[in-house]
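K.L.:
One structure, as structure tokens, below. Some questions next.
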Amino acid sequence: MKIKFAIIKERKSPPDRRVVFSPSKLKEAKDKFPDAIFKVESSDIRVFPDQEYMELGFEVSGNVSDCDVMIGVKEVPVEALIPNKKYFFFSHTIKKQPYNRKLLQAILEKNIELYDHETITSKEGYRLIGFGRYAGIVGAYNGFRAWGLKYNSWTLPKAGTLANQDALINELNKLQVPNIKILLTGSGKVANGAKEILDAMAIKQVSVADYLNNSFYKPVYCKTDVLDYNKRKDGRVIDNHDFFNNPQDYESNFMRFAKVTNYYIAG
């Protein structure tokens, strides 16, 4: 029996324009798994118009109830859940978020199999699906946009109106950024996404010591990890694992950065 997959419309408010499969990636999936059937639910908010899927041969319809597996991004509203189906989406229930308790109850009542994107991991336990890199890219862009609005320095378009990362970078590279100090914390996908933006703007990265002690005649940034802005109460320096396993033995040392920072990106 062939399995029929539906790319569903996002219904959570505020509207989310993202989709798990772009038209070209859905075509790749179809080519790789020719026995699978893919159907696209019509959407007036998705970043890719229905027509782009249709041009690649996919059926687009307002009714996907004949499909076996529903693939989305954000939570599906309770009233939109179709009984006896399999669903893939971010349910935001893994941390026992109380605001989605009714969603889980409805999934059980409707005999639905839920596959949360957040729980799909490699054999080593690392998450395979996440938007962290893109959060860093757009977050860094939005920080510069906010700077322009706050100080009337420049006007950047909303990130959602731009086609891709290159378009964001193109807008940022039109700016005359003053000699500000930018602090970027973190070492994961979000922080590295933000770093891509700063590097694309040719903003110089400096060491912790230089950042804290020196002045510069051009914008610079410093990328820090948890042991840069937290210290053991007994003065010893061990490693990140010790910090994660024994947080009670540490205290914040962040203010030394805050005192010299103009723009902070929390990665």
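Start counting at 1 in the sequence shown, then tack on 1233, and there's your number in this note's numbering. Ideal placement from N, C-alpha and C gives every residue a C-beta, glycine not left out.
1) What runs of the beta strand (DSSP E), each 3 residues or longer, lie entirely inside the segment 1321-1363?
2) Can you tell me where the beta strand (DSSP E) with K1456 in it begins and where it stops?
3) Using the Cα positions of T1457 and E1288, report the straight-line distance between them to the nearest angstrom.
4) Do you know offhand how far L1417's Cα is from K1245's?
5) Quick one: residues in its chain with C-beta nearer than 6 Å to the C-beta of F1321, no 5 flanking neighbours on either side, listed in chain order?
6) Can you find a heavy atom of the ligand COA that lies under 7 Å from the Cβ of L1416?
7) Measure how close the beta-carbons of E1308 and N1333 come, nearest whole angstrom, since I'm counting them as under 8 Å.
8) Is DSSP giving E1285 helix, strand or coil here?
9) I need the boundaries of the alpha helix (DSSP H) containing F1490, first residue and last residue.
10) Quick check on this structure: which residue in Q1409, E1312, N1397 and Y1367 has the alpha carbon closest to the alpha carbon of N1385?
11) For a cutoff of 8 Å on Cβ pairs, would you count S1324 as touching chain D?
12) In its own chain, which residues sit with a C-beta less than 8 Å from the C-beta of D1467, not counting the 5 before and 5 after it?
13) Over the uninterrupted beta strand (DSSP E) stretch that includes F1271, give me the two end residues.
14) To the nearest whole angstrom, what separates the beta carbons of L1337 and V1311, a pair I think is in contact under 8 Å?
15) So for T1394, helix, strand or coil by DSSP?
16) Ends of the alpha helix (DSSP H) at A1373?
17) In terms of residue numbering, what span does the alpha helix (DSSP H) encompassing K1265 cover?
18) With H, G and I counted as helix, E and B as strand and the rest as coil, what does DSSP make of Q1481?
19) How about G1393 and R1250: do their beta carbons lie closer than 8 Å?
20) Near C1193, which residues of its chain fall below 7 Å by C-beta distance, leaving aside the five closest residues on each side in sequence?
21) What does DSSP give as the partner residue(s) for K1318 in the beta ladder?
P.N.:
Here's the rundown:
1) For the segment 1321-1363, the continuous beta strand (DSSP E) assignments of 3+ residues that do not extend past its boundaries occur at 1346-1349, in sequence order.
2) Within the sequence shown, residue 1456 is the residue found at index 223, counting from 1. Looking at the DSSP string, the run of the beta strand (DSSP E) that includes K1456 is V1453 to T1457.
3) Position 224 of the sequence shown, counted from the start, is the residue given in the question as residue 1457. Position 55 of the sequence shown, counted from the start, is the residue given in the question as residue 1288. A direct Cα-to-Cα measurement between T1457 and E1288 gives close to 46 Å.
4) Residue mapping note: residue 1417 aligns to position 184 of the sequence shown, counting from 1. Residue mapping note: residue 1245 aligns to position 12 of the sequence shown, counting from 1. If you draw a straight line from the Cα of L1417 to the Cα of K1245, it comes to about 31 Å.
5) Numbered from 1 along the sequence shown, position 88 holds the residue referred to as residue 1321. Closer than 6 Å at Cβ, skipping near neighbours: I1304 and Y1348.
6) In the structure on display, the ligand COA does not appear, and there are no ligands present to speak of.
7) The residue you call residue 1308 lines up with position 75 of the sequence shown. The residue you call residue 1333 lines up with position 100 of the sequence shown. Right, the Cβ-Cβ distance comes to about 6 Å (below 8 Å), so this counts as a contact.
8) Within the sequence shown, residue 1285 is the residue found at index 52, counting from 1. DSSP, read as helix, strand or coil, puts E1285 in helix.
9) In the sequence shown, the residue the question calls residue 1490 occupies position 257. First-last of the alpha helix (DSSP H) with F1490: M1488 to A1491.
10) Counted from its first residue, the sequence shown places residue 1385 at position 152. Comparing Cα-Cα distances from N1385 to each of Q1409, E1312, N1397 and Y1367, the minimum goes to Q1409.
11) Going by chain labels, chain D is absent from the structure shown, which holds only one protein chain.
12) Sequence index remark: in the sequence shown, residue 1467 carries index 234 (1-based). These residues qualify, in order along the chain: D1482.
13) Reading the sequence shown from its first residue, position 38 is the one you call residue 1271. Where F1271 is concerned, the enclosing beta strand (DSSP E) stretches over I1270 to E1274.
14) As a working note, residue 1337 is residue 104 in the sequence shown. As a working note, residue 1311 is residue 78 in the sequence shown. So it is not a contact: roughly 10 Å between Cβ atoms.
15) Here residue 1394 is taken as the residue at index 161 of the sequence shown, counted from 1. Three-state DSSP puts T1394 in a helix.
16) To locate residue 1373, count along the sequence shown from 1; it is residue 140. Judged by DSSP secondary structure, A1373 falls within the alpha helix (DSSP H) whose first and last residues are G1365 to Y1384.
17) Here residue 1265 is taken as the residue at index 32 of the sequence shown, counted from 1. Counting along the chain, the alpha helix (DSSP H) containing K1265 begins and ends at P1256 to K1265.
18) Numbered from 1 along the sequence shown, position 248 holds the residue referred to as residue 1481. The three-state secondary structure of Q1481, taken from DSSP, is helix.
19) Taking the sequence shown and counting its residues from 1, the one referred to as residue 1393 is at position 160. Taking the sequence shown and counting its residues from 1, the one referred to as residue 1250 is at position 17. For G1393 and R1250, yes; Cβs fall inside 8 Å.
20) Shown here, the chain extends from 1234 to 1500; a query on residue 1193 therefore has no answer.
21) On the sequence shown, position 85 is the one that residue 1318 refers to. Beta-bridge pairing links K1318 to no other residue.
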